[in-house]
Amino acid sequence: VHILCDPVGGGQVRGPHNCGNCDRPIVKGIGDYSLTGDVELLRALAEMDCGCKEEWEFVLEQEEPFCMPLTR
5 VHILCDPVGG
15 GQVRGPHNCG
25 NCDRPIVKGI
35 GDYSLTGDVE
45 LLRALAEMDC
55 GCKEEWEFVL
65 EQEEPFCMPL
75 TR
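My numbering numbers the first residue of the sequence shown as 5 and each following residue consecutively.
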C-alpha cells in the first residue's frame with residue numbers, strides 16, 4: 005500500500021499557479037518529485053519555457069518567506 009500526502013494543492017489558491025498554461029505540468033512535476041525524490045524532475049521544471057517565467061523569477065527573487073505573496 006502506497007500512501008501519498010499531496011503537498012502540492014494543485015487547483016487550489018494555495019497551490020502552484022502561474023499563467024494557466026503551465027500550471028498542469030508544474031503540478032504534475034512537483035507531484036512526481038514527491039513520489040520519487042528525483043531532483044532531475046525539479047530541474048526539468050526550472051528549464052520549462054513559458055511566457056510567465058520572467059514574472060515567476062521576479063517573485064522568487066523579491067518575495068520574503070512568511071510574507072504575503074506578491075501575486076495571486
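Here a beta-carbon is modelled for each residue, glycine too, at the ideal position from N, C-alpha and C.
Should residue i be labelled buried (16 or more other beta-carbon atoms within 10 Å of its own) or exposed?
i, result
"Ile7", "exposed"
"Gly33", "buried"
Along the alpha helix (DSSP H) that carries residue i, what are the first and last residues, could you check?
i, result
"Arg18", "Note, Arg18: premise wrong, no alpha helix (DSSP H); not H, not E."
"Ile2", "Residue 2 cannot be examined here, being either before or after the span of the chain that is shown, 5 to 76."
"Thr41", "Checking the sequence shown, residue 41 turns out to be Gly, not Thr. Element bounds for Gly41: n/a, residue is neither H nor E."
Looking only at its chain, what residues have a beta carbon closer than 7 Å to the beta carbon of residue i, apart from the 5 residues adjacent to it on each side?
i, result
"Asn25", "Cys54"
"Leu45", "Gly33, Asp36, Tyr37"
Quick check: what's the CA-CA separation for residue i versus residue j?
i, j, result
"His21", "Val5", "30 Å"
"Glu58", "Ser38", "25 Å"
"Gly41", "Ile30", "15 Å"
"Gly13", "Leu49", "17 Å"
"Phe4", "Arg18", "Since the first and last residues shown for the chain are 5 and 76, residue 4 lies out of range."
"Asp10", "Leu64", "22 Å"
Please identify the residue among the options whose C-alpha is closest to the C-alpha of residue i.
i, options, result
"Met52", "Gly41, Val63, Arg28", "Arg28"
"Trp60", "Cys23, Val17, Gly19", "Cys23"
For residue i, which residues in the same chain have their Cβ closer than 8 Å to its Cβ, ignoring the five residues on either side in sequence?
i, result
"Cys56", "Asn22, Cys23, Asn25, Cys26"
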